[in-house]
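Enquirer: Same order as they appear, the protein sequences are chains A and B.
So the mapping is simple: my numbering equals the position in the first sequence, first residue as 1, plus 886.
So the mapping is simple: my numbering equals the position in the second sequence, first residue as 1, plus 222.
For each residue, glycine too, the CB sits at the ideal point set by N, CA and C.
Take a look at this one; I'll ask things after.
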Amino acid sequence: DAGITQSPRYKITETGRQVTLMCHQTWSHSYMFWYRQDLGHGLRLIYYSAAADITDKGEVPDGYVVSRSKTENFPLTLESATRSQTSVYFCASSDGSPGFNEQFFGPGTRLTVL
Amino acid sequence: GQSLEQPSEVTAVEGAIVQINCTYQTSGFYGLSWYQQHDGGAPTFLSYNGLDGLEETGRFSSFLSRSDSYGYLLLQELQMKDSASYFCAVRDDNTDKLIFGTGTRLQVFP
């Protein structure tokens, strides 16, 4: 399928477990991003990547790990899930540096940590 | 750092015009973007203003005044399907981060 996809779409896990959220894009966009969205906070950047093997922290990186070995994939791992990480997670990609370049968002993953 | 302010909620009736304001504080500036998000959906790009003035795309227009650190999104001939959250965003100084405002929830009533 063309575009940007995320899996799983819904996930329930327990505190302390490791969880990996997947993101895949078919456009060969150089930039990829992970955001979390919580009521009252809008979209907050967790990590981003300007190219394969290049990643950098966003506003709220603590408790998360990313990797980008291939241009099209950008998985996000919660090493030891906490209840405060219950949120909706969006992956996005863009063809160039954000701002003047449109970001394309995936459908989101709703994560619940019990 | 950067910060953006926008109203939390705006209401209007079908056919009306509504303006959603966004003020920002940045030490550098690379333009103002707007995104729309329907409940349960993903954000989608609406517009980008890099220079002062008005950009028009159909029923939606976006305005920027860099001297006032201010922009707005103007929605005309409102339709029920315009009920959504609208986010303004600016690029972080000297990095590739896009910083979003907390969003304005627009409710359109018949």
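Using 8 Å as the cut-off, can you tell me whether the stretch 893-900 of chain A makes contact with the stretch 282-290 of chain B, which would need three or more C-beta pairs spanning the two stretches below that distance?
Expert: No: fewer than three Cβ pairs fall under 8 Å.
Enquirer: Can you tell me the Cα-Cα spacing of B/Ser289 and B/Leu226, whole angstroms?
Expert: Counted from its first residue, the second sequence places residue 289 of chain B at position 67. Counted from its first residue, the second sequence places residue 226 of chain B at position 4. Approximately 15 Å, taken between the alpha carbons.
Enquirer: Indicate the three-state DSSP secondary structure (helix, strand or coil) for B/Asp261 in the structure shown.
Expert: Numbered from its first residue, the second sequence carries residue 261 of chain B at position 39. Note: B/Asp261 maps to coil in three-state DSSP.
Enquirer: Looking only at its own chain, which residues have a Cβ that is under 7 Å from the Cβ of B/Ser305, when we skip the five neighbours before and after it?
Expert: The residue labelled residue 305 of chain B in the question sits at position 83 within the second sequence. Only Leu328, Gln329 and Val330 meet the Cβ criterion.
Enquirer: Based on the DSSP secondary-structure assignment, which residues constitute the bridge partners of A/Tyr896?
Expert: Position 10 of the first sequence, counted from the first residue, corresponds to residue 896 of chain A. Bridge partners of A/Tyr896: A/Arg996.
Enquirer: Below 7 Å on C-beta distance, what does B/Asp274 contact in chain C?
Expert: This model lacks chain C altogether, as its protein chains are A and B.
Enquirer: Short of 7 Å in beta carbon distance, which residues of its chain neighbour A/Asp924, apart from the five on each side in sequence? Order them along the chain.
Expert: To locate residue 924 of chain A, count along the first sequence from 1; it is residue 38. Within the same chain, A/Asp924 has close Cβ partners Ser973.
Enquirer: What is the residue span of the beta strand (DSSP E) that A/Val974 lies within?
Expert: Residue numbering aside, residue 974 of chain A sits at position 88 when the first sequence is read from its first letter. Counting along the chain, the beta strand (DSSP E) containing A/Val974 begins and ends at Ser973 to Ser980.
Enquirer: My output table needs one value for A/Ser983: the three-state DSSP class, helix, strand or coil.
Expert: For the purposes of this step, residue 983 of chain A is taken as the residue at position 97 of the first sequence. Reduced to three states, the DSSP call for A/Ser983 is coil.
Enquirer: If the criterion is Cβ atoms closer than 7 Å, does the pair A/Ser980 and A/Gln989 meet it?
Expert: The residue you call residue 980 of chain A lines up with position 94 of the first sequence. The residue you call residue 989 of chain A lines up with position 103 of the first sequence. Yes. Within cutoff.
Enquirer: What in chain B is Cβ-close to A/Pro936, meaning under 9 Å?
Expert: Counted from its first residue, the first sequence places residue 936 of chain A at position 50. Before going further, note that residue 936 of chain A is Ala rather than Pro in the sequence given. Correct list: Asp318.
Enquirer: How about B/Pro332: is its C-beta nearer than 7 Å to some C-beta of chain A?
Expert: The count along the second sequence starts at 1 and reaches residue 332 of chain B at position 110. With 7 Å as the cut-off, B/Pro332 does not count as an interface residue toward chain A.
Enquirer: Could you confirm whether any beta carbon from chain A is found closer than 7 Å to the beta carbon of B/Thr326?
Expert: Position 104 of the second sequence, counted from the first residue, corresponds to residue 326 of chain B. So no, B/Thr326 is outside the interface.
Enquirer: For B/Gln258 versus B/Leu273, is the C-beta distance shorter than 7 Å?
Expert: If you number the second sequence from 1, residue 258 of chain B lands on position 36. If you number the second sequence from 1, residue 273 of chain B lands on position 51. Cβ distance not < 7 Å, so B/Gln258 and B/Leu273 don't count as in contact.
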